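See below for the structure under consideration.
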Amino acid sequence: MSQPLRALIIEDSVDDCFLLVRALQREFEVAHERVDTAEQMRKALRDQKWDIVLSDYFMPQFDALAALSVLQQLEIDLPFIIVSGRVGEIEAVKAMKAGAHDYIMKGDLTRLTPAIRRELREAEIRRDRRLAEQRLREQLHFRQVLMDSIPAPIYFENTAGVFLGCNKAFEGFSGLSQNEVIGRTIYDMVPHYLAEQFSDADQELYDQGGTQIYESTISFADGALHDVIFYKATFNTIDNTIGGLVGTILDITDRKQTEEKLRYMSTHDPLTGLYNRAYFQEEMERLEQGRQFPISIVVADVDRLKHVNDHLGHAAGDELIIRAALALKGAFRAEDVVARIGGDEFAVLLPSADASAVEEALHRVSSKIRACNTPGDPLNLSMSFGTATAVKGDCLEEMQKLADKRMYQNKFTKIHIAS
Numbered sequence: 012m013s014q015p016l017r018a019l020i021i022e023d024s025v026d027d028c029f030l031l032v033r034a035l036q037r038e039f040e041v042a043h044e045r046v047d048t049a050e051q052m053r054k055a056l057r058d059q060k061w062d063i064v065l066s067d068y069f070m071p072q073f074d075a076l077a078a079l080s081v082l083q084q085l086e087i088d089l090p091f092i093i094v095s096g097r098v099g100e101i102e103a104v105k106a107m108k109a110g111a112h113d114y115i116m117k118g119d120l121t122r123l124t125p126a127i128r129r130e131l132r133e134a135e136i137r138r139d140r141r142l143a144e145q146r147l148r149e150q151l152h153f154r155q156v157l158m159d160s161i162p163a164p165i166y167f168e169n170t171a172g173v174f175l176g177c178n179k180a181f182e183g184f185s186g187l188s189q190n191e192v193i194g195r196t197i198y199d200m201v202p203h204y205l206a207e208q209f210s211d212a213d214q215e216l217y218d219q220g221g222t223q224i225y226e227s228t229i230s231f232a233d234g235a236l237h238d239v240i241f242y243k244a245t246f247n248t249i250d251n252t253i254g255g256l257v258g259t260i261l262d263i264t265d266r267k268q269t270e271e272k273l274r275y276m277s278t279h280d281p282l283t284g285l286y287n288r289a290y291f292q293e294e295m296e297r298l299e300q301g302r303q304f305p306i307s308i309v310v311a312d313v314d315r316l317k318h319v320n321d322h323l324g325h326a327a328g329d330e331l332i333i334r335a336a337l338a339l340k341g342a343f344r345a346e347d348v349v350a351r352i353g354g355d356e357f358a359v360l361l362p363s364a365d366a367s368a369v370e371e372a373l374h375r376v377s378s379k380i381r382a383c384n385t386p387g388d389p390l391n392l393s394m395s396f397g398t399a400t401a402v403k404g405d406c407l408e409e410m411q412k413l414a415d416k417r418m419y420q421n422k423f424t425k426i427h428i429a430s
């Protein structure tokens, strides 16, 4: 069965067109149209699809070069073969440079069929290539849209560390457009010491393959430091060798801050900012297993807190507790654990501190209390204290109970004297 061929023939001679079609019909099932002006050619190209254009070189109103120009203006890729009775070498070269694929002499059409078959194959190859390129462009566009829709910064680089692309979020992170990012390395983006760390991590990923996850702290375009997690994975080239890596940067600054707040809340008293009972107990257990004996314990209680709450209100009572916390915090050492362990009760752990060290600390507390009190102030601070000192082998919990007992004895003595 003959191969179908849709041929647009540019020829002013009806007879020459007839002879050309008859020659084609030996090998093809031909559907054709003859035109001899630019307007007719444009109409034929708009109205129908064609496999090939066969054109005379010289015509009274048209010529092959003008026909090639029409194809180029319409951006139509069709095999274009000149079939002419008088084509000199100079004209043939001009036509080939203008886009003609071949030229055949009318007096010898033996080359026509092979030339047509060859150009049809070449045209099919070009169509396949254009289709593949179009699909690739669509895939690249889809990939970019997909990446840009992800709020986390994403980038990819080759094994030399040169950036190949990124998403919109990475542009915001770096302060650079994608075109500015492409071609740079990490050394162009961050301080040298950080670039060394990231480069070493990348090399480790290339050596081991697979994926990599780690935390870091980096500066964003806003100048602020952010806690981030890097998620990285290698990608392979068409020959199955590692071509580079894709990285995602997840900003966990808010999460870290929340975690830090939760940790703080779990170990601190919200009113005073001192450690809470739970942390005090943990530290007492830890110190009991250590080598920092003697360890002293101070238990302190705010005098008259119930009276202040009942007569001046709980806000005044809170103010009195805060004053007590400030006095204690300012009097003890940095390594001492000062905690609020109850409503009006405080406790202090003093590692590597004997009874004389505790006595000195209590003198400092008394000085702090005197400094914050003023005559006639209904919120003048007064506190009762009890102490105990443990040596290696003593139970700190028992020492705390002893200090607590002595604190109540001190408070009872004050009440007895006042009465």
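For the sequence shown, the positions run 12 to 430 when my numbering is used. Note that CB positions come from ideal geometry on N, CA and C, so glycine has one too. None of these values were measured; they are calculated from a predicted model.
- Along the segment 172-228, the beta strand (DSSP E) occurs as fully enclosed runs of 3 or more residues at 174-177, listed in sequence order.
- Contact check for D312 and D355: beta-carbon distance about 6 Å, within the 8 Å limit, so the pair qualifies.
- Taken atom to atom, the span from the alpha-carbon of V402 to that of S277 is near 30 Å.
- Excluding five sequence positions before and after I197, the CB atoms of its chain that fall closer than 7 Å to its own CB belong to G172, A206, F209 and S210, given in chain order.
- Counting only the Cα atoms, R97 lies some 15 Å from M107.
- The C-beta of Q411 has 16 or more other C-beta atoms within 10 Å across all chains shown, which makes the residue buried.
- With a 10 Å radius around the Cβ and a threshold of 16 neighbouring Cβ atoms, T398 comes out buried.
- According to the DSSP assignment, G328 belongs to the alpha helix (DSSP H) that extends over H325 to A342.
- Annotation: the continuous alpha helix (DSSP H) that includes L35 extends over V25 to L35.
- Around the CB of R148, fewer than 16 other CB atoms lie within 10 Å, so the residue is classed as exposed.
- When C-beta atoms of the segment 236-250 are compared with those of the segment 210-220, three or more pairs fall below 8 Å, so the two segments count as touching.
- With contacts defined by Cβ atoms closer than 7 Å, E130 and P90 form a contacting pair.
- By the Cβ rule, the segment 18-25 counts as touching the segment 64-82, because three or more pairs are nearer than 8 Å.
- The beta carbon of L175 is closer than 7 Å to those of F167, E168, N169, I193 and G255 in its chain, skipping five residues each way along the sequence.
- Scanning its chain for C-beta atoms nearer than 6 Å, with the 5 sequence neighbours on each side dropped, one finds around K267 the residues D238, in chain order.
- Residue burial annotation: F181 is buried, with at least 16 other C-beta atoms found within 10 angstroms of its C-beta.
- In this structure, S185 is the residue among L339, C383, S185 and Q59 with its C-alpha nearest to the C-alpha of P202.
- Per DSSP, T283 lies in no beta strand (DSSP E) segment and is marked neither H nor E.
- Taking the Cα positions, I101 is about 26 Å away from L30.
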